[in-house]
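Peer 1: First residue of the sequence shown? That's -15 in the working numbering, and the numbers climb one at a time after it.
For glycine and all other residues, C-beta sits at the position ideal for the given N, C-alpha and C.
Source: prediction; values computed, not measured.
Below are the structure tokens for one structure; questions will follow.
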Amino acid sequence: MKALVYGGPGKMAVEDRPKPQIMEPGDAIVRITKTTICGTDLHILKGDLPTCAPGRILGHEGVGVVDAIGGNVTTFRPGDHVLISCISSCGKCYYCRRSMYSHCTTGGWILGNQIDGTQAEFVRIPYADTSLYPIVADADEEALVMLSDILPTGFECGVLNGKVAPGSSVAIVGSGPIGLAALLTAQFYSPAALIMIDLDDNRLEVAKKFGATATINSTDGKAAEKVMQMTDGRGVDTAIEAVGIPATFELCEALIAPGGTISNIGVHGTKVELHLERLWDRNITITTRLVDTASTPMLLEVVSAHRIDPKLLITHRFSFEHILEAYDTFGHAATTKALKVIIEA
Ligand SMILES: [Zn+2]
Ligand SMILES: [Zn+2]
């Protein structure tokens, strides 16, 4: 089968690989019909994630059709259409019993990281019963690819941890796919203000269409000042960090209101300054989280009922043979205006 293989920092190639086989009785083999590229895949290609060794097939998102199942799989049968979660969970360990699937002691985020991933014709999914979700017959499968990772990530790490509430004020720093996923799902709670902050005017335009009440281009370094003007000098109740660099986290520290919550989503590769000399008396909370995908069943219901349309995040489509072109487009988002790209088998 064809697969996109990581070859070490800065290197990737489409290679011929043997079709994966059932290795454990809980496994399923899934034929991929649609997959996508994540910002995290770009981090791997930069060499930021040492857990991912050269030779690994990348990808942790996608939908497909069950091709084969191990002897212990009871929920799925060959031919079933399934959503693949970016998190594999055994359902039984210390963390899984606390719904903290991201820290599953034999799973978590392993797909396209410690085991071969979804950017291939077939993928082996461990713990299939608790790591796949059934897709109903008439579902828009392209839209559901957004539920493998970015929608639960934006919702759980940003919106839930950030305690977004009716009538509250929210700033989201970073208007990429994850920030936009937080913007879409924050609206479940009807906050009064949803301020999107980014360096890219195109992405801010998109944010307006997705429901942002205000946008700020932070190129001039005055974003915190502008947020203060918009909030009677208080700052925001929730600041969601959706980039993963020191400047954006420190911006969240600068615009949080007393009593507010900074919820971090970004993947940070370097240390960030915590300004306790300004924050020690402000009753704030800072949260971190790796997505658990505990909200995936709820998000499937919401999307199936057309209450939100994650398909809006899809800007480009490629066939699998053009996956390198897809990486190029996704990796140059400032010029290509790419948000999420769909790769079809
Ligand atoms: Zn991802
Ligand atoms: Zn577990």
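With three or more beta-carbon pairs closer than 8 Å as the criterion, would you say the region 116 to 131 touches the region 34 to 49?
Peer 2: The answer is yes - the region 34 to 49 touches the region 116 to 131, with three or more Cβ pairs under 8 Å.
Peer 1: Taking 7 Å as the threshold (C-beta atoms), are L42 and G101 in contact?
Peer 2: Contact: yes.
Peer 1: The alpha helix (DSSP H) with A317 in it runs from where to where?
Peer 2: Unbroken alpha helix (DSSP H) run through A317: 317 to 320.
Peer 1: So K210 is in the alpha helix (DSSP H); what residue range does that whole segment cover?
Peer 2: Per DSSP, K210 belongs to the alpha helix (DSSP H) from 207 to 214.
Peer 1: Listed in chain order, which residues are found with a beta carbon closer than 5 Å to a heavy atom of ligand 1?
Peer 2: Qualifying residues, in the order they occur: C22, T24, D133.
Peer 1: Based on the DSSP output, what are the partners of E305 in its beta bridges?
Peer 2: Answer by DSSP bridge pairing: none, since E305 is not bridged.
Peer 1: Report yes if the C-beta distance between P110 and T280 is below 7 Å; otherwise report no.
Peer 2: Not closer than 7 Å, so no.
Peer 1: Between which two residues does the beta strand (DSSP E) holding V49 run?
Peer 2: Run containing V49: 46 to 53, per the beta strand (DSSP E) assignment.
Peer 1: Hey, could you find the ends of the alpha helix (DSSP H) P281 is sitting in?
Peer 2: Segment 280 to 288, the alpha helix (DSSP H) holding P281.
Peer 1: Given a cut-off of 7 Å, decide if I71 and A12 are closer than it, judged by their beta-carbon atoms.
Peer 2: No. Outside cutoff.
Peer 1: Please confirm whether any heavy atom of ligand 2 lies closer than 6 Å to the CB of S73.
Peer 2: Yes.
Peer 1: Three-state secondary structure (DSSP) at K255?
Peer 2: Three-state DSSP puts K255 in coil, outside helix and strand.
Peer 1: Candidates L183, L116, M212, S153: which alpha carbon is nearest Y173's?
Peer 2: It is S153 whose Cα lies nearest to the Cα of Y173.
Peer 1: Between the C-alpha atoms of R301 and R1, what's the straight-line distance to the nearest angstrom?
Peer 2: The straight-line gap from Cα to Cα measures roughly 24 Å.
Peer 1: Counting beta carbon pairs with one atom in the region 286 to 297 and one in the region 261 to 271, are three or more of them shorter than 8 Å?
Peer 2: Flag = no, the region 261 to 271 and the region 286 to 297 do not touch.
Peer 1: Can you tell me the Cα-Cα spacing of E309 and I326, whole angstroms?
Peer 2: Rounded to the nearest angstrom, the two C-alpha atoms are 12 Å apart.
Peer 1: CB S69 to CB G91, shorter than 7 Å?
Peer 2: No, the pair does not count as a contact, with Cβ atoms beyond the cut-off.
Peer 1: Can we count L77 as close to ligand 2, meaning its CB is less than 6 Å from some heavy atom?
Peer 2: A quick correction: the sequence has Cys, not Leu, at residue 77. True, at least one ligand heavy atom lies under 6 Å from that Cβ.
Peer 1: Apart from the five residues just before and just after K206, which ones in its own chain have a Cβ nearer than 6 Å to its Cβ?
Peer 2: Closer than 6 Å at Cβ, skipping near neighbours: no residue.
Peer 1: What's the call for G96, buried or exposed, on a 16-neighbour Cβ count within 10 Å?
Peer 2: Label assigned to G96: buried.
Peer 1: Would you say the beta carbon of C70 is closer than 6 Å to some non-hydrogen atom of ligand 2?
Peer 2: Checking every heavy atom of ligand 2 against the Cβ of C70, none is found closer than 6 Å.
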